[in-house]
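Asker: If you scroll down you'll find the structure; I have some questions about it.
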Amino acid sequence: NAEYMGLNETKDLMIADCDSKYADDDAKKQECVLAVDVITFAVPALLKALTGLAWDVPFNLCAIFFDNICTQNCCTSDYAPEQIYLSLADGTDFSSMRVTWVTLLDAPGSSVQFSTIGGTSITTAAEPTRTYNFGGWIGVVNTAVMTGLTPNTTYTYTVGSSYNRSTSFTFTTFPTNIGTPERPLRVVNIADMAYDNNSDFTVLSVGAKVQAGEIDMVIHNGDISYADAYMVHWDMFMRKISPAFAAYVPYMTNPGNHELYANFTAYKTRLGLSMPRDSTALEGAMYYALNIGPTKILMMDSETYIDTANIPEAEVAWANGQLTAQDRKTQPWALVFQHRPLYCNYKGFDCKEFAYLLRLQAESTYLNNKVDFVSAAHVHYYLRSYPLSMGMATGYSYDNPSSPVYVVNGAAGNLKENQKPGKTEGLYPVGNSAIGYGVMEVVSDFPNNKHSMTYSFFDSATNELLDNFTITKNIN
748 NAEYMGLNET
758 KDLMIADCDS
768 KYADDDAKKQ
778 ECVLAVDVIT
788 FAVPALLKAL
798 TGLAWDVPFN
808 LCAIFFDNIC
818 TQNCCTSDYA
828 PEQIYLSLAD
838 GTDFSSMRVT
848 WVTLLDAPGS
858 SVQFSTIGGT
868 SITTAAEPTR
878 TYNFGGWIGV
888 VNTAVMTGLT
898 PNTTYTYTVG
908 SSYNRSTSFT
918 FTTFPTNIGT
928 PERPLRVVNI
938 ADMAYDNNSD
948 FTVLSVGAKV
958 QAGEIDMVIH
968 NGDISYADAY
978 MVHWDMFMRK
988 ISPAFAAYVP
998 YMTNPGNHEL
1008 YANFTAYKTR
1018 LGLSMPRDST
1028 ALEGAMYYAL
1038 NIGPTKILMM
1048 DSETYIDTAN
1058 IPEAEVAWAN
1068 GQLTAQDRKT
1078 QPWALVFQHR
1088 PLYCNYKGFD
1098 CKEFAYLLRL
1108 QAESTYLNNK
1118 VDFVSAAHVH
1128 YYLRSYPLSM
1138 GMATGYSYDN
1148 PSSPVYVVNG
1158 AAGNLKENQK
1168 PGKTEGLYPV
1178 GNSAIGYGVM
1188 EVVSDFPNNK
1198 HSMTYSFFDS
1208 ATNELLDNFT
1218 ITKNIN
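In the numbering used here, the protein residues as written are 748 to 1223.
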């Protein structure tokens, strides 16, 4: 039949590509052809799925199944540091900052050198390197922690070794009064952002705000690069965001479904292990908490390695422990960032069965502990809800709401066009399909018992403000 003929034609084209790519290497050619045979015989349905991935298909199939034959170098130079980014080394103590970078080879004596502007340089040795070979990737992830930092101070730093060092970057530590009227906490929120030119305007616009000193931190809640196990695209993405913003402010992440390959191996090695480690979480967990001024931020993991939604009981129990221990008189805000949404209005499993499952698993914990705001992504648009509880709006005002406000912001520029939101009525007053990014500002005025969290959604290409709302509250 036609489907069978199409499969054979696809197989023939892939084998021809193997012949062309490895014309001078019979061993690699045979391995590549074998990979094509295995895939087309064992799981022909996968070929249809592969058309949605931005892969060099024959090569990457070979790299996945025969990673010692079909390899992909991270970098063109042996020791030149690249893909540099910052992350908070601790979720509560901000006197330290972690820096992570990639080199092709493990360079002896790798370190970070940092100082205040014009101050004496301090050298901190890098921690043991980490790597992986899934997808044929060849490279080394380096990381080091800068300690003894003072609040509201600008530091300059370089990373590398005696073989090669990076250019200088700067960052400024959080002030002690962060999250107050005098100094709001300012966070960019992005998700579903690809390595390709669909994310160009988002990267440029976020980078401009960071370079202007307007942003304290970037939260990227899942679907990071859309590499989909093609390691070249991981490297391209990290090289793209590093000089724009990730080397200048903490770049905080949690996983999305596009990071699932080989049980999140690339994500964990490149990013996950550089996020703060919570002693109360399970070993190897990809969720953690940040306590910044008046704000507790839960970075949740809503993913499985088989591409389904799930927040398991152990993670829910961890979140409940974090929230019940929170003193809302001194830390009035409880915010959640995860990849998959509890509420959305697009057709299909993500906004029906999967969203319902996540509500069954986590919504009562969010409600019982008075979570104020939940930012999710996964669906490629921007959507804002009214305060919601168990599928119902509990009010149509954001002044002292009795239940969380939900935002879906998966709009930063994925591999395809953004989706159009469903009807923006009933539970959802605002929806938008523009490529864009969010900016969150948190302010707590304790003397006057006035607390506000403002979330704004901007068009990445024009920086036009497309939506803006403010949650206000008083603490009894």
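Cβ coordinates follow ideal geometry from the N, Cα and C atoms, glycine included.
According to DSSP, what are the bridge partners of His967?
Answerer: According to DSSP, His967 bridges with Ile937, Thr1000.
Asker: Looking only at its chain, what residues have a beta carbon closer than 7 Å to the beta carbon of Ala789, apart from the 5 residues adjacent to it on each side?
Answerer: Low per-residue confidence applies at Ala789: pLDDT is 49, beneath 50, and the placement is therefore not dependable, though the value from the model is reported in the following sentence. Excluding positions up to five away in sequence, the list is empty.
Asker: Please report the distance separating the alpha-carbon of Ala1208 from that of Ala1159.
Answerer: Cα to Cα, Ala1208 sits roughly 11 Å from Ala1159.
Asker: When burial is assigned at 16 or more other CB atoms within 10 Å of the CB, is Pro1059 buried or exposed?
Answerer: Pro1059 should be labelled exposed.
Asker: Taking Cys817 as the reference, give the member of Arg877, Gln777, Val846 with the closest Cα.
Answerer: Selected option, being the one with the closest Cα: Gln777.
Asker: Does the Cβ of Glu961 have 16 or more other Cβ atoms within 10 Å, making it buried, or fewer, making it exposed?
Answerer: Flag for Glu961 reads exposed.
Asker: Pick out whichever of Gly1178, Lys1220, Asp1097 has its Cα sitting closest to the Cα of Ser1150.
Answerer: Out of Gly1178, Lys1220, Asp1097, Lys1220 has the C-alpha closest to the C-alpha of Ser1150.
Asker: Which word fits Lys1076, buried or exposed, when buried means at least 16 other C-beta atoms lie within 10 angstroms of its C-beta?
Answerer: By the 10 Å Cβ count, Lys1076 comes out exposed.
Asker: Let me know the secondary structure DSSP gives Gln1166 once reduced to three states.
Answerer: Correct three-state label for Gln1166: coil.
Asker: Taking C-alpha atoms, which residue in Ala994, Asp1054, Arg1087, Tyr1113 lies nearest to Thr1231?
Answerer: Residue 1231 cannot be examined here, being either before or after the span of the chain that is shown, 748 to 1223.
Asker: With which residues is Arg845 paired in a DSSP beta bridge?
Answerer: Note: Arg845 sits in a beta bridge opposite Ser834, Val892.
Asker: Should Ser834 be labelled buried (16 or more other beta-carbon atoms within 10 Å of its own) or exposed?
Answerer: Its Cβ being crowded by 16 or more others within 10 Å, Ser834 is buried.
Asker: How big is the Cα-Cα spacing for Thr850 and Tyr904?
Answerer: C-alpha separation (whole angstroms): 17 Å.
Asker: Apart from the five residues on each side of it in sequence, which residues of its chain come closer than 8 Å, Cβ to Cβ, to Tyr995?
Answerer: So the list reads Leu833, Phe916, Thr917, Phe918, Val957, Gln958, once near-sequence residues are dropped.
Asker: Give the straight-line distance between the Cα atoms of Ala1032 and Glu1050, rounded to the nearest whole angstrom.
Answerer: Going from the Cα of Ala1032 to the Cα of Glu1050 covers about 11 Å.
Asker: Can you have a look at Phe984 and say buried or exposed, based on whether 16 or more other CB atoms are within 10 angstroms of its CB?
Answerer: Phe984 comes out buried.
Asker: Going by beta-carbon coordinates alone, are Asn1210 and Ser858 separated by less than 7 Å?
Answerer: In this structure, Ser858 does not lie closer than 7 Å to Asn1210 by Cβ.
Asker: Could you name the residues that DSSP lists as bridge partners for Trp884?
Answerer: Its beta-bridge partners are Gln819.
Asker: In the DSSP output, what is Ser1136 paired with across the bridge?
Answerer: In DSSP, Ser1136 forms a bridge with Met1139.
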